[in-house]
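K.L.:
Following this message is one structure expressed as structure tokens.
Number of protein chains: 2
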Amino acid sequence: MQRAAALVRRGCYPRTLGPWGRGQSSAAAEASAVLKVRPERSRRDRILTLESMNPQVKAVEYAVRGPIVLKAGEIELELQRGIKKPFTEVIRANIGDAQAMGQQPITFLRQRIHLTSLSLLPERFCACAGSYSASQGVNCIREDVAAYITRRDGGVPADPDNIYLTTGASDGISTILKILVSGGGKSRTGVMIPIPQYPLYSAVISELDAIQVNYYLDEDNCWALNVNELRRAVREAKEQCDPKVLCIINPGNPTGQVQSRKCIEDVIHFAWEEKLFLLADEVYQDNVYSPDCRFHSFKKVLYEMGPEYSSNVELASFHSTSKGYMGECGYRGGYMEVINLHPEIKGQLVKLLSVRLCPPVSGQAAMDIVVNPPVPGEESFEQFSREKESVLGNLAKKAKLTEDLFNQVPGIHCNPLQGAMYAFPRIFIPAKAMEAAQTHQMAPDMFYCMKLLEETGICVVPGSGFGQREGTYHFRMTILPPVEKLKTVLQKVKDFHIKFLEKYA
Amino acid sequence: MQRAAALVRRGCYPRTLGPWGRGQSSAAAEASAVLKVRPERSRRDRILTLESMNPQVKAVEYAVRGPIVLKAGEIELELQRGIKKPFTEVIRANIGDAQAMGQQPITFLRQRIHLTSLSLLPERFCACAGSYSASQGVNCIREDVAAYITRRDGGVPADPDNIYLTTGASDGISTILKILVSGGGKSRTGVMIPIPQYPLYSAVISELDAIQVNYYLDEDNCWALNVNELRRAVREAKEQCDPKVLCIINPGNPTGQVQSRKCIEDVIHFAWEEKLFLLADEVYQDNVYSPDCRFHSFKKVLYEMGPEYSSNVELASFHSTSKGYMGECGYRGGYMEVINLHPEIKGQLVKLLSVRLCPPVSGQAAMDIVVNPPVPGEESFEQFSREKESVLGNLAKKAKLTEDLFNQVPGIHCNPLQGAMYAFPRIFIPAKAMEAAQTHQMAPDMFYCMKLLEETGICVVPGSGFGQREGTYHFRMTILPPVEKLKTVLQKVKDFHIKFLEKYA
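Protein chains in written order, with full-length UniProt numbering: chain D, 1 to 505; chain U, 1 to 505.
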């Protein structure tokens with residue numbers, strides 16, 4: 001009704017308002033008479049209800065924008081309405097959106113995207129922003145991506161035909177999983193995912209009614225991936241399903257671990273042995289902070305393992321404009337490189353992509369610019385390098401700061417943040433707090449995070465949203481706020497945690 | 001190998017090339033030794049094959065970018081390589097992409113999008129292009145869309161909470177269908193779609209393993225929708241499935257018919273009677289050419305039918321930046337207005353959308369600008385009006401021209417193009433041509449279209465890609481090339497058709 005009143009003020013609305021905002025017009029009365037329906041209002045059951053909806057969709061959970069984030073939104077509205085809280089703002093440390101937390105876009109990227117949309121760079125961008133592109137993405141952008149991959153991987157060749165531009169990496173991951181999942185009963189496709197994981201994977205597995213096969217990262221060993229654990233997982237899974245896919249996130253999300261080259265070789269060998277289609281989510285490939293770690297692409301390692309592997313292991317690798325030093329989340333730019341596909345499958349994949357026509361051309365443009373940064377000697381190079389180093393240096397500093405500060409707090413243990421943009425500390429939850437959580441019908445870490453949010457305004461995501469070993473609890477917090485703000489946030493979390501321990505001692 | 005050579009020339013590549021482009025490096029040799037795998041190349045079976053892939057994806061067809069379009073691409077490459085053909089260019093009249101065929105973007109739209117990306121319009125665009133937006137879309141854009149709908153519908157109120165921004169209309173349609181489909185066996189959800197249809201619908205139904213329930217538009221009556229045919233379809237469907245959804249495309253694609261208000265009321269009443277969730281695909285709402293036709297939104301008609309309908313019928317209406325006078329396909333801008341959802345379903349829908357994070361912000365910006373055109377008195381108004389009228393006037397002229405010319409051709413009958421941007425003429429295919437088609441293992445209209453492509457370079461889509469009554473054949477051709485080119489195209493189709501009839505007489 002308020003909205004109707006507002007519309008009247010705007011002059012968009014007839015001045016006679018009936019109980020439904022407009023009143024029963026003569027057209028409506030006539031229609032009702034013709035159709036012989038009594039015009040009183042009756043409430044009928046809905047066709048689409050929790051019972052009748054797609055059960056696979058009902059089972060989907062996506063904690064990164066889940067219940068705690070909805071609660072954060074409500075609290076923000078309350079703050080806007082002047083309701084007093086122990087804090088003046090909600091800090092959204094739940095989602096990997098750097099620019100939303102104040103990170104500046106890279107000047108070169110933005111200028112280029114801009115010139116592209118003005119069609120001032122025909123030689124660089126051979127498509128029209130207003131038209132659909134080819135479903136696999138603009139050809140010359142795919143060539144640029146292939147050239148980028150080749151340079152990144154020290155000369156290991158990438159074929160543009162194996163490159164698919166996507167609407168963010170999420171779209172590519174979802175598409176590949178969709179084409180892979182088949183079978184029924186004990187032949188239903190099993191998809192191996194790390195625990196903890198980025199919950200896109202569990203959500204898509206749920207949507208597709210595939211079988212989620214968990215393999216646990218080793219928290220006591222910096223979240224390392226242990227091939228014995230992969231073997232354990234696949235062995236047990238074979239009793240229930242047909243394991244066909246192995247998903248790796250490197251650098252990890254939420255865990256931030258950066259896999260060693262040896263580990264990657266072991267994983268590839270395991271996939272080769274067990275006949276698993278490999279998905280390598282490498283969106284954080286530019287976010288490596290630990291001086292002892294280095295990003296190794298699955299593609300490169302696979303190639304260097306020789307042709308028995310490089311000609312046979314089916315591998316899809318994913319990248320995105322949303323992370324790294326770019327932080328261009330809103331453009332929904334991404335690509336996947338998919339190698340060793342059966343020749344007949346390529347056509348099926350392009351067919352599937354064609355139904356959605358094409359990814360947003362502006363996102364493709366953004367991806368093109370990301371893979372074509374300025375090189376030494378070019379006018380833009382200095383500023384670009386400076387800005388990139390500043391962003392990444394800042395993130396590295398914040399990674400260390402976060403790890404150190406959390407590890408000073410009794411009852412919190414935080415593994416080193418080797419890469420990505422998150423801390424995933426383990427929290428000790430006292431027995432009394434567990435009981436309180438149970439009373440509230442919440443997982444203990446959700447209870448903890450809700451309390452944190454209500455008392456400090458800091459929004460993080462409970463570890464249960466990512467998966468964790470039974471009996472352990474965590475939360476995921478981004479390291480994206482500016483340094484000074486991050487220090488304040490960390491201090492508040494520390495103070496909260498100490499009070500929490502005291503309260504529920 | 002050519003690519004490898006090119007990479008060497010670019011200096012990205014070691015100069016010693018082995019049979020796999022790089023040669024076995026020492027790292028690879030070492031790895032092979034450690035893993036005890038003999039390094040010769042052997043070809044293993046693929047994990048992902050036509051047999052093992054998702055059968056629902058295998059069943060998907062999308063003719064608009066299907067086999068004939070792939071053939072057109074091959075022919076283009078041959079032309080580029082200098083192979084002589086009876087024509088010098090391929091004319092892609094298969095897809096509704098206006099700007100790809102030379103239509104100019106609207107100045108106001110492009111300037112605004114541009115200023116938005118420069119963040120020079122903070123009061124207009126309350127989001128950051130680099131960040132993820134809310135999953136339902138930027139709030140103030142949703143408010144603008146609601147205001148647009150209210151103005152368009154003469155004051156019928158639209159609630160921003162019911163507006164969801166999407167990655168093109170395809171994304172919204174796919175999401176709504178996904179949440180609706182459930183059940184198994186004879187309880188599997190049936191989705192009613194028009195025949196002929198836009199094959200996104202059949203593709204998504206296939207992906208979701210739902211049941212496609214065809215209702216036939218009446219070709220002898222300008223492709224009118226007859227409620228008796230809806231009743232026939234739902235009655236028969238109930239023996240096989242649980243019909244739950246009714247999809248309408250108005251103005252129609254590929255058929256171009258614009259539904260009368262009376263027809264829309266009848267459809268709404270039918271949906272109310274049969275308890276069907278209504279999907280109204282209205283992406284061509286600005287493309288109405290026939291002076292006897294007018295666009296009536298389902299939302300408006302529903303509202304004016306009084307509260308028994310307007311409070312109960314679950315309706316999702318879709319719009320896009322890709323069609324109309326805008327033709328902004330590459331931005332992937334779209335929205336859906338979904339009313340009368342069960343309160344618990346709203347949360348489920350937003351949850352499902354949140355897994356993909358958000359639609360591209362540039363597409364949301366484009367949609368925002370589309371719903372906020374200049375008004376009389378504003379500086380941009382004159383030019384905007386002029387350009388809009390020019391585009392739409394041109395399309396109307398081409399619609400009539402196409403209908404008239406096709407109807408002069410013996411063996412072709414073309415219904416009036418009341419709206420949208422396609423002709424869908426019926427073609428007579430002689431018996432000998434049917435036999436030839438069978439020899440080539442093609443549907444007769446595919447055979448016809450292939451011949452048309454090979455002999456004239458004109459790429460259209462066979463009617464079998466959209467559905468048609470048994471024993472009838474059609475093709476869909478866009479009316480998007482510039483007038484003079486379109487006349488040439490039509491003349492060539494005419495000449496081809498006459499020769500075709502003679503050849504297969």
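For each residue, glycine too, the CB sits at the ideal point set by N, CA and C.
Does chain U have any CB closer than 8 Å to the CB of D/I173?
P.N.:
On the first sequence, position 173 is the one that residue 173 of chain D refers to. Answer no: the Cβ-Cβ gap between D/I173 and chain U never drops below 8 Å.
K.L.:
Expressed to the nearest angstrom, what Euclidean distance is found between the alpha-carbon atoms of D/H319 and U/H413?
P.N.:
In the first sequence, the residue the question calls residue 319 of chain D occupies position 319. In the second sequence, the residue the question calls residue 413 of chain U occupies position 413. Going by the C-alpha atoms only, they are around 50 Å apart.
K.L.:
Of all the beta strand (DSSP E) runs that stay within the bounds of the segment 320-386 of chain U, which reach a length of 3 or more residues?
P.N.:
Counting whole runs of 3 or more residues, the segment 320-386 of chain U contains the beta strand (DSSP E) stretches 333-339.
K.L.:
Could you list the residues in the segment 52-76 of chain U with a C-beta less than 9 Å from some C-beta on chain D, going in chain order?
P.N.:
For the segment 52-76 of chain U, which is checked against every Cβ of chain D, the residues closer than 9 Å are S52, M53, N54, P55, Q56, V57, K58, V60, E61, Y62, V64, R65, G66, V69, L70, G73.
K.L.:
Just the Cα atoms here: how many angstroms apart are D/V409 and D/P291?
P.N.:
The residue given as residue 409 of chain D occupies position 409 in the first sequence. The residue given as residue 291 of chain D occupies position 291 in the first sequence. Computed Cα separation, rounded: 25 Å.
K.L.:
Taking just the CA atoms, how far does D/Y216 sit from D/R469?
P.N.:
In the first sequence, the residue the question calls residue 469 of chain D occupies position 469. In the first sequence, the residue the question calls residue 216 of chain D occupies position 216. Rounded to whole angstroms, D/R469 to D/Y216 spans 7 Å at the Cα level.
K.L.:
Around the C-beta of U/Q99, are 16 or more other C-beta atoms found within 10 angstroms, so that it is buried, or is it exposed?
P.N.:
For this step, residue 99 of chain U is matched to residue 99 along the second sequence. With 16 or more Cβ atoms within 10 Å of its Cβ, U/Q99 is classed as buried.
K.L.:
Just curious, the beta strand (DSSP E) that D/M434 is in, first and last residue?
P.N.:
The residue you call residue 434 of chain D lines up with position 434 of the first sequence. Counting along the chain, D/M434 falls outside any beta strand (DSSP E), though it belongs to the alpha helix (DSSP H) covering 431-439.
K.L.:
Under DSSP, the beta strand (DSSP E) around D/R261 begins and ends at which residues?
P.N.:
Position 261 of the first sequence, counting from 1, holds the residue named residue 261 of chain D. Element bounds for D/R261: not the beta strand (DSSP E) but the alpha helix (DSSP H), 261-274.
K.L.:
Could you check whether the segment 325-332 of chain U touches the segment 434-447 of chain U, counting it as contact only if at least three pairs of C-beta atoms, one from each stretch, sit closer than 8 Å?
P.N.:
With the cut-off at 8 Å, the segment 325-332 of chain U and the segment 434-447 of chain U do not touch.
K.L.:
Within the 8 Å Cβ cut-off, does D/S464 reach chain U?
P.N.:
Taking the first sequence and counting its residues from 1, the one referred to as residue 464 of chain D is at position 464. No, its Cβ sits nowhere closer than 8 Å to a Cβ of chain U.
K.L.:
Suppose you measure from the CA of D/S385 to the CA of D/Q80; what does that come to, to the nearest Å?
P.N.:
In the first sequence, the residue the question calls residue 385 of chain D occupies position 385. In the first sequence, the residue the question calls residue 80 of chain D occupies position 80. So the two alpha carbons sit approximately 40 Å from each other.
K.L.:
Taking DSSP as the reference, what is the three-state secondary structure of D/Q212?
P.N.:
Position 212 of the first sequence, counting from 1, holds the residue named residue 212 of chain D. DSSP places D/Q212 in strand when its eight states are reduced to three.
K.L.:
By the DSSP assignment, the beta strand (DSSP E) with U/K244 in it spans what residues?
P.N.:
What you label residue 244 of chain U is simply residue 244 of the second sequence in a count that begins at 1. Where U/K244 is concerned, the enclosing beta strand (DSSP E) stretches over 242-249.
K.L.:
In terms of DSSP beta bridges, what is D/G190 paired with?
P.N.:
For the purposes of this step, residue 190 of chain D is identified with residue 190 of the first sequence, where counting begins at 1. DSSP output for D/G190 lists D/I211, D/P243 as bridge partner(s).
K.L.:
Throw me the rounded Cβ distance for the U/L405 and U/K494 pair, which I believe falls under 8 Å.
P.N.:
Taking the second sequence and counting its residues from 1, one reaches residue 405 of chain U at position 405. Taking the second sequence and counting its residues from 1, one reaches residue 494 of chain U at position 494. That pair is a contact at about 7 Å.
K.L.:
Straight-line CA distance for residue 510 of chain D to D/L109?
P.N.:
In the structure as shown, chain D starts at 1 and stops at 505, and residue 510 of chain D therefore has no counterpart that could be examined.
K.L.:
Would D/H474 count as contacting chain U if we go by Cβ distances under 8 Å?
P.N.:
Taking the first residue of the first sequence as position 1, residue 474 of chain D is located at position 474. No, D/H474 does not count as interfacial toward chain U.
K.L.:
If you reduce the DSSP assignment to three classes, tell me which class U/G185 lands in.
P.N.:
Here residue 185 of chain U corresponds to residue number 185 of the second sequence, with the count starting at 1. Looking at U/G185 - three-state DSSP - the assignment turns out to be helix.
K.L.:
Classify U/E219: buried if its beta carbon has 16 or more other beta carbons within 10 angstroms, exposed otherwise.
P.N.:
Walking along the second sequence from the start, residue 219 of chain U turns up at place 219. The residue in question, U/E219, is buried, as its Cβ has 16 or more Cβ neighbours within 10 Å.
K.L.:
To the nearest whole angstrom, what separates the beta carbons of U/V283 and U/Q136, a pair I think is in contact under 8 Å?
P.N.:
Numbered from 1 along the second sequence, position 283 holds the residue referred to as residue 283 of chain U. Numbered from 1 along the second sequence, position 136 holds the residue referred to as residue 136 of chain U. Actually they do not touch by this definition, with Cβ atoms about 20 Å apart.
K.L.:
Please classify U/E50 as buried or exposed, where buried requires at least 16 neighbouring CB atoms within 10 angstroms.
P.N.:
In the second sequence, residue 50 of chain U corresponds to position 50, counting from 1. What sits at residue 50 of chain U in the sequence shown is Leu, not Glu. Per the 10 Å Cβ criterion, exposed.
K.L.:
Mapping the DSSP letters down to three states, classify D/L50 as helix, strand or coil.
P.N.:
Start at 1 with the first residue of the first sequence, and residue 50 of chain D comes out as number 50. D/L50 falls in the coil class under three-state DSSP.
K.L.:
Is D/C128 close to chain U, meaning its C-beta is less than 8 Å from at least one C-beta of that chain?
P.N.:
In the first sequence, counting from the first residue as 1, residue 128 of chain D sits at position 128. True, the Cβ-Cβ gap to chain U drops below 8 Å.
K.L.:
Take D/A399 as the anchor and find which of D/H474, D/G256, D/Y504 has the nearest alpha-carbon.
P.N.:
For the purposes of this step, residue 399 of chain D is taken as the residue at position 399 of the first sequence. Cα-wise, what sits closest to D/A399 is D/G256.
K.L.:
Under a Cβ-count criterion, where at least 16 other Cβ atoms within 10 Å of its own Cβ denotes burial, should D/E389 be classed as buried or exposed?
P.N.:
As a position in the first sequence, residue 389 of chain D is number 389, starting the count at 1. Classification for D/E389: exposed.
K.L.:
Go through its chain and collect everything with a Cβ distance to U/A505's Cβ below 8 Å, but skip five positions before and after it.
P.N.:
The residue you call residue 505 of chain U lines up with position 505 of the second sequence. Result list for U/A505: P430, K432, in chain order.
K.L.:
Would you kindly report the start and end of the unbroken alpha helix (DSSP H) that includes D/F298?
P.N.:
For the purposes of this step, residue 298 of chain D is taken as residue 298 along the first sequence, with counting starting at 1. Its alpha helix (DSSP H) spans residues 298-304.
K.L.:
Compare the beta carbon distance of U/A366 and U/M336 with 8 Å and say whether it is the shorter of the two.
P.N.:
Position 366 of the second sequence, counted from the first residue, corresponds to residue 366 of chain U. Position 336 of the second sequence, counted from the first residue, corresponds to residue 336 of chain U. Not closer than 8 Å, so no.
K.L.:
Between U/D242, U/G168, U/T150, U/I163, which has its C-alpha nearest U/M192's C-alpha?
P.N.:
Counting from 1 along the second sequence, the entry for residue 192 of chain U is found at position 192. Looking at the Cα atoms, U/D242 is the closest of the given residues.
K.L.:
Closer than 8 Å, CB to CB, is U/H342 near chain D or not?
P.N.:
Locating residue 342 of chain U in the second sequence gives position 342, counting from the first residue. So yes, U/H342 belongs to the interface.
K.L.:
Just the chain U side, please: which residues come within less than 9 Å of D/L302 by C-beta, in chain order?
P.N.:
Residue mapping note: residue 302 of chain D aligns to position 302 of the first sequence, counting from 1. None at all; the shortest Cβ gap to chain U is about 10 Å.
K.L.:
For a contact meaning CB atoms closer than 8 Å, what does U/R46 contact in chain D?
P.N.:
Residue mapping note: residue 46 of chain U aligns to position 46 of the second sequence, counting from 1. Chain D residues near U/R46: E314, N340, L341, H342, I345.
K.L.:
Assign D/I83 to one of two classes, buried (16 or more other C-beta atoms within 10 Å of its C-beta) or exposed (fewer than that).
P.N.:
In the first sequence, counting from the first residue as 1, residue 83 of chain D sits at position 83. Classification for D/I83: exposed.
K.L.:
Can you tell me whether DSSP reads D/R231 as helix, strand or coil?
P.N.:
As a working mapping, residue 231 of chain D is identified with position 231 in the first sequence. Three-state DSSP puts D/R231 in a helix.
K.L.:
In three-state terms, what does DSSP make of D/R43?
P.N.:
Reading the first sequence from its first residue, position 43 is the one you call residue 43 of chain D. Three-state result, D/R43: coil.
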